[in-house]
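Protein chains: 4
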Amino acid sequence: MAGNSIGKLFRLTTFGESHGVAIGGVIDGCPAGITIDLEAIQQEMDRRKPGQSAIVTQRKEPDTVEFYSGIFEGVTTGTPIGFVIKNANQKSKDYSHIKDSFRPSHADYTYYKKFGDVRDYRGGGRSSARETACRVVAGAIAKQALQGISIHAFVSGVGPLKLEKPYTDIDFSKTESNIVRCPDEKMATEMEAYIKQIRKEGDTVGGIVSCVIKGVPIGIGEPVFDRLHAELGKAMLSINAVKGFQYGSGFEGAEMKGSQHNDLFNADGTTQTNLSGGIQGGISNGMDIYFDVAFKPVATIMQDQPSIDKEGKDVVMQGKGRHDPCVVPRAVPIVEAMSAIVLLDYYLQNRASKM
Amino acid sequence: MAGNSIGKLFRLTTFGESHGVAIGGVIDGCPAGITIDLEAIQQEMDRRKPGQSAIVTQRKEPDTVEFYSGIFEGVTTGTPIGFVIKNANQKSKDYSHIKDSFRPSHADYTYYKKFGDVRDYRGGGRSSARETACRVVAGAIAKQALQGISIHAFVSGVGPLKLEKPYTDIDFSKTESNIVRCPDEKMATEMEAYIKQIRKEGDTVGGIVSCVIKGVPIGIGEPVFDRLHAELGKAMLSINAVKGFQYGSGFEGAEMKGSQHNDLFNADGTTQTNLSGGIQGGISNGMDIYFDVAFKPVATIMQDQPSIDKEGKDVVMQGKGRHDPCVVPRAVPIVEAMSAIVLLDYYLQNRASKM
Amino acid sequence: MAGNSIGKLFRLTTFGESHGVAIGGVIDGCPAGITIDLEAIQQEMDRRKPGQSAIVTQRKEPDTVEFYSGIFEGVTTGTPIGFVIKNANQKSKDYSHIKDSFRPSHADYTYYKKFGDVRDYRGGGRSSARETACRVVAGAIAKQALQGISIHAFVSGVGPLKLEKPYTDIDFSKTESNIVRCPDEKMATEMEAYIKQIRKEGDTVGGIVSCVIKGVPIGIGEPVFDRLHAELGKAMLSINAVKGFQYGSGFEGAEMKGSQHNDLFNADGTTQTNLSGGIQGGISNGMDIYFDVAFKPVATIMQDQPSIDKEGKDVVMQGKGRHDPCVVPRAVPIVEAMSAIVLLDYYLQNRASKM
Amino acid sequence: MAGNSIGKLFRLTTFGESHGVAIGGVIDGCPAGITIDLEAIQQEMDRRKPGQSAIVTQRKEPDTVEFYSGIFEGVTTGTPIGFVIKNANQKSKDYSHIKDSFRPSHADYTYYKKFGDVRDYRGGGRSSARETACRVVAGAIAKQALQGISIHAFVSGVGPLKLEKPYTDIDFSKTESNIVRCPDEKMATEMEAYIKQIRKEGDTVGGIVSCVIKGVPIGIGEPVFDRLHAELGKAMLSINAVKGFQYGSGFEGAEMKGSQHNDLFNADGTTQTNLSGGIQGGISNGMDIYFDVAFKPVATIMQDQPSIDKEGKDVVMQGKGRHDPCVVPRAVPIVEAMSAIVLLDYYLQNRASKM
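Protein chains in written order, with numbering that gives the first Met the number 0: chain X, 0 to 354; chain Y, 0 to 354; chain L, 0 to 354; chain C, 0 to 354.
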C-alpha cells in the first residue's frame with residue numbers, strides 16, 4: 000500500500016490505525032511564510048471529531064493535534080510539517096469478535112485477501128474513517144494559505160431528504176448553526192429528526208455533501224489527465240463511504256442540449272450561467288466551483304447480521320458498540336479539507352505554467 | 000502543464016494538438032512478454048475514430064497508429080512503447096475565426112488565461128478530444144495484458160433516454176451491433192433517432208456511458224488516497240466533457256439505509272448483492288466492478304452564439320463545420336481504455352503488497 | 000521544499016528539525032508480512048547516535064524510536080509505518096548566536112535566501128544531519144525485508160589515511176570491532192589517533208565510506224534515467240556532507256582501456272572480474288555491488304571564524320559547543336540504510352518487469 | 000521498466016531503440032512563452048551526433064529532430080512537446096551475431112535476465128547510448144528557457160591525460176575549437192593523438208567530462224533527499240558508461256580539514272573560496288556550480304573477446320563494425336543537456352517555496 004499520499008507540490012502523507020497508538024502525517028511542500036492559526040486548525044478538528052453531537056458516534060476522542068516540525072514562531076518555514084494525533088480511546092477488547100471474521104460491506108475481507116493474515120482488525124484498522132482526521136489538519140493549513148478563496152461544504156441530502164435549492168440561494172453562514180450542517184433551517188430540522196429515527200432503528204443512512212468554492216483565480220488546473228475536477232473527484236472519492244461525484248451540471252447535464260448547457264460570456268470573461276461549474280477544459284475560469292459528493296450509509300449497524308469468518312463458516316455479526324447513524328454531518332469538514340488540499344497543490348503547480 | 004501522464008507503474012504520457020503534425024504518446028512500464036495483436040489495437044481505434052457512422056462527426060481521420068519502439072517481433076520488451084498518429088485532416092484555415100475569440104463552454108478562454116497569448120487555437124488544440132485517441136492505444140495494449148479480465152462499456156443514456164435495466168440483465172455482445180453502442184436493440188433505435196433529430200436541429204446532447212468489469216482478481220486497489228474507485232473516477236473525469244462519476248450504488252446509495260445497502264457474504268467470500276460495486280475500502284473484492292460516467296453535451300453547436308474576443312468585444316460564433324451531435328457512442332471505447340489503463344497499473348502495483 | 004521523500008514503491012518521507020519537538024517519518028509501501036525485530040532497529044540507531052564514542056559529538060540523544068502504526072503483533076501489515084524520535088536535548092539557547100548570522104559552509108544562508116525570514120536556526124534546523132536518524136529507521140526495516148542480501152559499509156578513508164585494499168580482501172566482521180568502523184585493525188588505530196588529533200586542534204576532517212552489497216539478485220534496476228547506480232548515487236549524495244560517489248571502477252575506470260575494463264563472462268553468467276561493480280546498463284548482474292562515498296569535513300569547527308549576518312555585517316563565529324571531528328564513523332550505518340532503502344524499492348519495482 | 004522519465008515539473012520521457020524505427024520523447028511541463036530557436040537545437044544535436052569527426056563512431060545518422068506538438072508559431076504553448084528522431088541507419092543484419100550471445104560489459108545479459116527472451120538485441124536496443132540524443136533535445140530547450148544561466152561542459156580527462164587546471168583558469172570559448180572538446184589547445188592535441196592511437200589498437204579508453212554552471216540564482220534546490228547536487232548526480236550517473244560523480248571539492252574534499260574547506264563569506268553573501276561547489280545544504284548559493292563526471296571505456300572494442308551465449312556456451316565476440324574509441328567528446332553536450340534539464344526543473348520547483 001503506497002497510496003497514503005496526495006498532492007504533487009503540496010503533499011500530505013498520512014499514517015495510523017483506528018486503535019493504534021496514534022495517527023498522524025507529514026505535510027511536505029507547504030510554502031514558507033504562512034502564519035498559522037493553531038486554534039483555527041483545532042476548530043476544524045472539532046467539526047469532524049466524534050462525540051460532538053447527539054447524531055454522531057459517541058466514541059470519545061479529543062483529537063488534539065501535536066505539531067512536531069515545520070512551524071517556527073507561528074510561521075511555516077517551508078520544511079515538512081510533522082503532526083500526530085494520539086488515539087485516546089483504544090478499547091481493543093471491543094473488537095475481539097471481528098478478529099477472525101469479516102463485517103459485511105467493510106474492508107475487513109479485502110484487506111485480509113490483499114495483505115495477508117496479520118491485520119489490525121481493531122475498528123477497521125487503517126480502513127477506518129479515523130484516518131480522515133489527518134486530512135482535516137492538512138486542509139486547515141491549506142485553507143490558511145489560500146487567502147481569498149472560500150470553501151463552503153454543507154449537507155444537501157440525508158437519505159430521501161434533499162435540499163433542492165440552487166446553490167446561489169444558500170446562506171452558507173447557516174451551515175454551522177445546526178448539528179446536521181444543512182444551511183436550511185427547516186430542512187436541517189427534518190434531517191435531524193430523520194437521523195435520530197434511523198439511530199433508534201439501529202440503522203444507518205447515506206447522504207450528500209455539496210461544496211461551493213468561491214474566489215478561485217482563473218487558470219488553476221492542469222489539462223488532460225490532471226484536470227482540476229478530475230483531481231477534486233479523486234480526492235472526494237478517496238473519502239470513506241463515497242460512491243459518487245458530480246460537478247457543475249453533473250448527471251443532469253447528461254440530459255441537456257448544448258444550446259441549453261453552453262455558458263455564454265459576459266464582456267469581462269465571466270459567464271451568464273455556470274453549468275460548467277467553474278472549470279473548463281480542466282482549468283478554473285474564475286466562476287464558482289461547485290460539486291456534490293454521495294456517501295453510502297455506514298456499514299456498521301446496530302442489528303445482527305449474518306457473515307463469515309476466515310474459514311468461510313457462518314458467524315453472526317452482532318450490532319453493538321458506537322457508530323455514526325449518518326456520516327455526512329462529520330464529512331462536511333473533510334470535503335472542505337480535501338478541496339483545500341487539491342486547490343493549494345494546483346495553485347502552486349500553476350506557478351510553473353509560464354516562463 | 001505537466002498533467003499529461005497517467006499511471007504509476009504502467010504509465011501513459013501523451014502529446015499532440017488537434018491540428019498539429021501528429022498526436023502520440025509513450026507507454027512506459029509496460030511489462031515484457033505480452034504478445035501484441037496490432038489488428039485488435041486498430042479495431043479499438045476504429046471504434047473511436049471520427050466518420051465511423053452517420054451520428055458522429057464527419058471529420059476524416061484514418062487514425063492509423065505507428066509504433067516506433069518497445070515491441071519486437073510482436074512481443075513487448077519491457078522498454079517504452081512510443082507511438083504516433085499522424086493528423087491527416089489539418090484544415091487550419093477552418094479555424095481562423097476563433098484565433099482571437101473564445102467559444103462558449105470550450106477551453107479556449109481558460110487556456111488563454113493560463114498559458115498566455117500564444118495558443119494553438121485550431122480545433123481546440125490540446126484541449127480537443129482528439130487526444131483521447133492516444134488513450135485508446137494504451138488501453139488496447141492494457142486490455143491485451145489483462146488476461147481474464149473483461150471490460151464492457153456501453154451507452155446507457157442519451158439526453159432524456161435511459162436504459163433502466165440492472166446491468167446483470169444486459170447482453171454485452173449486443174453493444175457493437177448498433178451505431179449508438181447501446182446493448183438494448185429497442186433503446187438503441189430510439190437513441191439513434193433522437194441523436195439524428197438533435198443533429199438536424201444543429202444542436203448536441205449529453206449522455207451516459209456505463210461500464211462493467213468482470214474477472215478482476217481480489218486485492219487490486221490501494222487504500223486511502225489511491226483507492227481503486229478514486230483512480231477510476233479520476234481517469235473517467237479526465238475524459239473530455241465528463242461531469243460525473245458514480246460506482247456501485249452511486250448517488251442512489253446516498254438515499255439508502257445500511258441494512259439495505261450492506262452486501263452479505265456467501266461462504267466463498269462472494270456477496271449476495273453487489274451494491275459495493277466490486278470494491279470495498281478501495282480494494283476489489285472479486286465481484287463485478289460497475290460504474291456510470293456522465294457526459295455533458297458537446298459545446299460546439301451548429302447554431303450562432305454570441306461570444307467575446309480577447310478584448311472582451313462582442314463577436315458571433317457561427318455554427319459551422321463538423322461536430323459530434325452526441326459524444327457517447329465514441330466515448331465507449333475511451334471509457335474502456337481508461338479502465339484498462341487503471342486496472343493494469345493497479346494490478347502491477349498490487350505485486351508489491353506482500354513481501 | 001517537497002524533497003522529503005525517497006522511493007517509489009517503498010517510500011520514506013521524513014520530517015523534523017534538529018532542536019524541534021521531534022523528528023520522524025512515514026514509511027509507505029512497506030510490504031505486508033515482514034516480521035520486525037525492534038531490537039535490531041535500535042541497534043542500527045545506536046550505531047548512528049551521538050555520544051557513542053570518544054571520537055563523535057557528545058550531544059546526548061538516546062534516539063529511541065516510537066512506532067505508531069503499520070506493525071501489528073510484530074509483523075508489518077502493509078499499511079504506512081509512522082514513527083517518531085523525540086529530541087531529548089533541545090538546548091535552544093545555545094544557538095542564539097546564529098539567529099541572525101550565517102555559519103560558513105552550512106546551509107544557514109541558502110535556507111534564509113530560499114525560504115525567507117522565519118527559519119529554525121537552532122542547530123541548523125532541518126539542514127542538520129539529525130534528520131538522518133529517520134533514514135536509519137527505514138533502512139533497518141528494509142534490511143529485514145531483504146533476506147539474502149547483505150550490506151557492508153565501512154570507513155575506508157579519514158583525511159589522508161586510506162585503506163588501500165581490494166574490497167575482496169576485507170573481513171567485514173571487523174567493522175564494528177573499533178570505533179572508527181574501519182575493518183582493518185592497524186588502519187583503524189591510525190585513523191582513531193588522527194581523529195583525536197584533529198579534535199584537539201578544534202578542527203574537523205573528511206573521509207570516505209565504502210560499501211559492498213552481496214547477494215543482490217540479477218535484474219534489479221530500471222534502465223535509462225532510473226539506473227540502479229544512479230538512484231544509489233542520488234541516495235548517497237543526499238546524505239549531509241557528501242561530495243562524491245563512484246561505483247565499480249569509478250574515477251579510475253576513466254583512465255582505463257576497454258580491453259582491460261571489460262568483465263569477461265564465466266559459463267554461469269558470473270564474470271571473471273567485476274569492474275562493472277555489479278551493475279550493467281543500470282541493472283544488477285548478480286555480482287557484488289560496491290561503491291565509495293566521499294564526505295567533506297564537518298563545517299562546524301571549534302575555532303573562531305569570520306562571517307556575516309543578515310545585513311552583511313561582519314561577525315565572528317565562535318568555535319564552541321559539541322561537534323563531530325569526523326563524520327564518517329557515524330555515516331557508516333546511514334550509507335547502509337540508504338542502500339537498503341534503494342534496494343528494497345527497486346526489488347519491488349522489478350516485480351512489474353514481466354507480465 | 001518505468002524509468003524512462005526525468006524531472007518533476009519539467010519532465011522528459013524518452014522512447015526508442017538503437018535500430019528501431021525511431022527514437023523520441025515527450026517534454027511535459029515546459030512553461031509557455033519560450034521562443035524556440037530550432038537551429039540552436041539542431042546545433043546541439045550535431046555536437047552529439049555520430050560521424051562528426053575522425054575520433055568518433057562513423058555510423059551515419061543525421062539526427063534530425065521533428066517536433067510534433069507543443070510549439071506554435073515558434074513559441075512554447077505549455078502543452079507537451081512531442082518529438083521524433085528517425086533512425087536512418089538500421090543495418091539490423093550487422094547484429095545477428097549477438098542475437099543469442101552477450102557482449103562483455105554491455106547490458107545484453109542483464110536485459111535478457113530482467114525482461115526475458117524477447118529482446119531487441121540490435122546495437123544494444125534500448126541500452127544503446129543512442130537514447131541520449133533525446134536528452135540533448137530536451138536539454139537544448141531547457142537551455143533556451145534558462146536565460147542568464149550558462150552551462151559549460153568540456154573534456155578534462157582522456158585515459159591518463161588530465162587537464163590539471165582550476166576551472167577558473169579555463170577559457171570555455173575554446174571548447175568547441177577542437178574535436179576532443181578540451182578547452183586547452185595543447186592538451187586537446189595530446190588527447191586527440193591518444194584517442195587515435197587507441198582506435199588504431201582497436202581499443203577504447205575512458206575519460207572525464209567536467210562542467211561549470213554560471214549564473215544560477217540563489218535558492219535553487221530542494222533540501223533533504225532532493226538536494227540539487229543529488230539530482231545532478233543522478234542525472235549524470237544515468238548517462239551511459241558513467242561510473243562516478245563529484246562536485247565542488249569532491250573526493251579531494253574528503254582529505255581536507257574543515258578549517259581549509261569552509262568557504263568564508265564576503266559581505267555580499269558571495270564566498271571567498273568555493274569548495275562547496277555552489278551548493279550548500281542542497282541549495283544553490285549563487286556561486287559557480289562545478290562537477291566532474293567519470294566515463295568508463297566503451298565496452299565495444301575491435302578485438303576478439305571470449306564470451307557466452309544463452310546456454311552458457313563459449314562464443315567469440317568478434318571485434319568489428321563501428322564504435323567510439325572514446326566517448327567523452329560526444330558526451331560533452333549530453334552532460335550540458337542533463338544539467339539544463341535538472342536546473343530548469345528545480346528552477347520551476349523553487350517557485351513553490353514561498354507563499
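Yeah, the Cβ is synthetic: ideal placement off N, Cα and C, and Gly gets one too.
Just so we're clear, the structure is a prediction, and the values are computed from it rather than from any experiment.
Look at Ile22 (chain C) here: in three-state DSSP terms it is strand. Each residue's CA atom was taken as its position, placing Gly201 (chain Y) and Val157 (chain Y) some 16 Å apart. Within chain Y, Met0, Gly2, Asn3, Ser4, Ile5, Thr13, Arg125, Ser126, Glu130, Ser237 have C-beta atoms less than 9 Å from the C-beta of Val223 (chain X), given in sequence order. Taking the beta carbon of Ile80 (chain Y) as reference, the chain C residues within 9 Å of it are Phe14, listed in sequence order. A check of alpha carbon separations from Phe101 (chain Y) across X:Lys309, X:Gly280, X:Ile84, X:Lys295 identifies X:Gly280 as the nearest.
Here Arg180 (chain L) really is in contact with Phe153 (chain L); their C-beta atoms are around 6 Å apart, less than 8 Å. When secondary structure is reduced to three states using DSSP, Ile197 (chain X) falls in the helix class. Apart from sequence neighbours up to five positions away, the residues of its chain that approach Lys242 (chain X) with a beta-carbon distance below 6 Å are Ala293, Lys295, ordered along the chain.
When the alpha-carbon of Ile307 (chain L) is set against those of L:Ile97, L:Asp27, L:Ile40, L:Gln259, the nearest one is in L:Ile97. Contact residues of the segment 132-144 of chain C toward chain L are absent (C-beta to C-beta distance below 8 Å).
Taking all protein chains shown into account, Thr13 (chain X) has 16 or more neighbouring C-beta atoms within 10 Å of its C-beta and is therefore buried.
For Tyr108 (chain X), the enclosing alpha helix (DSSP H) covers residues 107-114. Exposure of Leu37 (chain Y) is indicated by the presence of fewer than 16 other C-beta atoms within 10 angstroms of its C-beta. In terms of CA proximity to Ser338 (chain Y), Y:Ala234 leads the group Y:Gly268, Y:Ala234, Y:Val208, Y:Thr272. With respect to the C-alpha of Ile140 (chain L), the residue from L:Lys319, L:Gly320, L:Leu11 having the closest C-alpha is L:Leu11.
The DSSP-derived three-state label of Glu16 (chain C) is coil. DSSP places Pro216 (chain L) outside both helix and strand once states are collapsed to three, so it counts as coil. Rounded to the nearest angstrom, the Cβ distance from Arg47 (chain X) to Pro332 (chain X) is 5 Å, consistent with a contact under 8 Å.
Contact of Ile26 (chain C) with chain X is not assigned, every C-beta pair being separated by 8 Å or more. For Asp344 (chain X), the enclosing alpha helix (DSSP H) has its first and last residue at 327-348. Non-local beta-carbon contacts of Gly81 (chain L) in its own chain, meaning distances under 6 Å to residues more than five positions away in sequence, involve Val25, Tyr67, Ser68 in chain order. Here the C-alpha atom of Thr75 (chain Y) lies approximately 25 Å from the C-alpha atom of His228 (chain L). Nearest neighbour of Phe250 (chain Y) by Cα position, chosen from X:Pro328, X:Ala132, X:Ser104, X:Gly206, turns out to be X:Gly206.
Sequence-ordered contacts of the segment 27-40 of chain C with chain X read Gly28, Pro30, Ala31, Gly32, Ile33 [C-beta pairs closer than 7 Å].
The beta-bridge partner set that DSSP reports for Pro305 (chain Y) consists of Y:Val315. If you draw a straight line from the Cα of Ala253 (chain C) to the Cα of Phe244 (chain C), it is about 14 Å long. DSSP places Ser52 (chain C) outside both helix and strand once states are collapsed to three, so it counts as coil.
A check of alpha carbon separations from Ala39 (chain C) across C:Arg125, C:Val64, C:Cys29 identifies C:Val64 as the nearest. Gly247 (chain L) is positioned such that its CB atom lies no closer than 8 Å to that of Ala298 (chain C). If you ignore the 5 residues before and after Gly285 (chain L), its C-beta comes within less than 6 Å of the C-beta of Ile217, all in its own chain and listed in chain order. In the assembly as shown, Val204 (chain L) is a buried residue. Its beta-carbon has 16 or more other beta-carbons within 10 Å.
Within 10 angstroms of the beta-carbon of Asp303 (chain C) lie fewer than 16 other beta-carbons, which makes it exposed. If the five residues before and after Ser95 (chain Y) are omitted, its C-beta is found closer than 7 Å to no C-beta atom of its own chain.
By the criterion of at least three beta-carbon pairs nearer than 8 Å, the segment 310-326 of chain C is in contact with the segment 187-202 of chain C. Taken in chain order, the unbroken stretches of beta strand (DSSP E) that lie wholly in the segment 266-295 of chain X and span 3 residues or more are 288-294. What Met190 (chain C) touches in chain X, judged by beta-carbon distance under 8 Å, is nothing: the nearest beta carbon there is about 38 Å away.
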